[in-house]
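Q: The working numbering puts the sequence shown at residues 561 to 798.
Glycine is no exception: its CB is placed at the ideal position from the N, C-alpha and C atoms.
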Amino acid sequence: ANDDPELDPDFHKPAGNDEYMYDDNASSVKLYSENVVGTGKAGEALPFQNVDEFKDYVIKNFAPKFLDNAGWDCNVTWEIEDVDNFNASKGSAWARDYVITANLKSGVDDKKYSDVEFGYVKFVYHVEPTENSDYVEVDSAKAAFNEINAQRTAAGLPALTWSDDLYNSTTLPHAKDISHTYNSDGIVYRRESDGSVVANKWLSSGIRELLMSPDATQAAVACVVAGDGTYYWTLNYQ
561 ANDDPELDPD FHKPAGNDEY MYDDNASSVK LYSENVVGTG KAGEALPFQN VDEFKDYVIK
621 NFAPKFLDNA GWDCNVTWEI EDVDNFNASK GSAWARDYVI TANLKSGVDD KKYSDVEFGY
681 VKFVYHVEPT ENSDYVEVDS AKAAFNEINA QRTAAGLPAL TWSDDLYNST TLPHAKDISH
741 TYNSDGIVYR RESDGSVVAN KWLSSGIREL LMSPDATQAA VACVVAGDGT YYWTLNYQ
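This is the structure in structure tokens:
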């Protein structure tokens, strides 16, 4: 048989009399399946705020039935996938899938079978992006800008002036655009939340000479956080 239970052609066939296993036919959900239990919009609070509430949400909306091939209920242990991101965004959901896993094992007392583990079933709450699901991180953008100026000052160069005109006309619109289109044009760093780290990446790249030029006088940095929690950074200067 194939090592991957999902790819094994014999996996979902009825068990023989000598096989003790999860019963796909008697259960309401197949082993190793993923089942959508609800949908929401980015920016809204999730309808569950911890593992017990997520489990109750699944039971209420999907009423899953997990049975072995002897007709007994399975023992179920529930676990939220990617719990750090769940906790970070449960009050204002990101555009992503929130997943809870039901880990299944034997529910019978017989010592021969009580430790048998069957596998798992996943339940998915899908959050869709909205036009307003991005938010602008002005403080983070200013932190990156200040780090650039700190390094200019340390090198004996005059500080750059923040340009609202550059920010509003070019830098921020570009950051918003790439957060939706994933266009890689321009000076962009994704998945980094610390402004000073981003500034140092720019200053270690091919544009260092431009940022440290005595002729540069103005600049603006924009930081947009997309609905899935990804950071997008852009920089313009003149």
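1) Just verifying my parser: in three-state terms, what is the DSSP assignment at residue 716?
2) Just to check my reading of the structure: residue 633 and residue 667 have Cβ atoms closer than 8 Å, yes? What is that Cβ distance to the nearest angstrom?
3) Report all residues from its chain with a CB closer than 6 Å to the CB of residue 798; omit the five preceding and five following residues, and keep chain order.
4) Strictly by DSSP, which residues pair up with residue 683?
5) Hey, how far is the Cα of residue 653 from the Cα of residue 643?
6) Distance, Cα to Cα, residue 735 vs residue 784?
7) Tell me whether residue 727 sits in a helix, a strand or coil according to DSSP, three-state version.
8) Based on the DSSP secondary-structure assignment, which residues constitute the bridge partners of residue 783?
9) In angstroms with no decimal places, state the Cα-to-Cα distance between residue 590 and residue 584.
10) Name the two residues that bound the continuous alpha helix (DSSP H) containing residue 610.
11) If you check the beta carbons only, do residue 704 and residue 773 fall under 8 Å apart?
12) Answer with buried or exposed for residue 603, where buried requires no fewer than 16 other C-beta atoms within 10 angstroms of its C-beta.
13) For residue 728, tell me which candidate among 782, 711 and 663 has the shortest Cα-Cα distance.
14) Leaving out five residues on either side along the sequence, give the residues of the same chain with a beta carbon under 7 Å from the beta carbon of residue 676.
15) According to DSSP, is residue 665 helix, strand or coil?
16) What is the DSSP secondary structure of residue 638, reduced to helix, strand or coil?
A: Reading from the atomic positions:
1) The count along the sequence shown starts at 1 and reaches residue 716 at position 156. DSSP places residue 716 in coil when its eight states are reduced to three.
2) As a working mapping, residue 633 is identified with position 73 in the sequence shown. As a working mapping, residue 667 is identified with position 107 in the sequence shown. Right, their Cβ atoms sit about 5 Å apart.
3) Residue mapping note: residue 798 aligns to position 238 of the sequence shown, counting from 1. So the list reads 778, once near-sequence residues are dropped.
4) Counting from 1 along the sequence shown, the entry for residue 683 is found at position 123. DSSP, once it has assigned bridges, lists 595 and 660 as partnering residue 683.
5) Working through the sequence shown from its first residue, we reach residue 653 at position 93. Working through the sequence shown from its first residue, we reach residue 643 at position 83. Here the C-alpha atom of residue 653 lies approximately 13 Å from the C-alpha atom of residue 643.
6) As a first step, residue 735 is located in the sequence shown; it is residue number 175 there, counting from the start. As a first step, residue 784 is located in the sequence shown; it is residue number 224 there, counting from the start. For residue 735 and residue 784, the distance between alpha carbons rounds to 6 Å.
7) Position 167 of the sequence shown, counting from 1, holds the residue named residue 727. Of the three classes helix, strand and coil, the one that applies to residue 727 here is helix, per DSSP.
8) Looking up residue 783 in the sequence shown gives position 223. In DSSP, residue 783 forms a bridge with 793.
9) In the sequence shown, the residue the question calls residue 590 occupies position 30. In the sequence shown, the residue the question calls residue 584 occupies position 24. Each residue's alpha carbon lies about 5 Å from the other.
10) Translated into the one-based positions of the sequence shown, residue 610 becomes position 50. Where residue 610 is concerned, there is no enclosing alpha helix (DSSP H), given that its DSSP letter is neither H nor E.
11) In the sequence shown, counting from the first residue as 1, residue 704 sits at position 144. In the sequence shown, counting from the first residue as 1, residue 773 sits at position 213. No, the Cβ-Cβ distance between residue 704 and residue 773 is not below 8 Å.
12) Here residue 603 corresponds to residue number 43 of the sequence shown, with the count starting at 1. Its Cβ being crowded by 16 or more others within 10 Å, residue 603 is buried.
13) Indexing the sequence shown from 1 puts residue 728 at position 168. Cα-wise, what sits closest to residue 728 is 782.
14) Translated into the one-based positions of the sequence shown, residue 676 becomes position 116. Take residue 676, set aside five residues on each side of it, and the residues of its chain with a beta-carbon closer than 7 Å to its own are 580, 665 and 666, in chain order.
15) For the purposes of this step, residue 665 is identified with residue 105 of the sequence shown, where counting begins at 1. Strand, per DSSP.
16) Position 78 of the sequence shown holds residue 638. DSSP places residue 638 in strand when its eight states are reduced to three.
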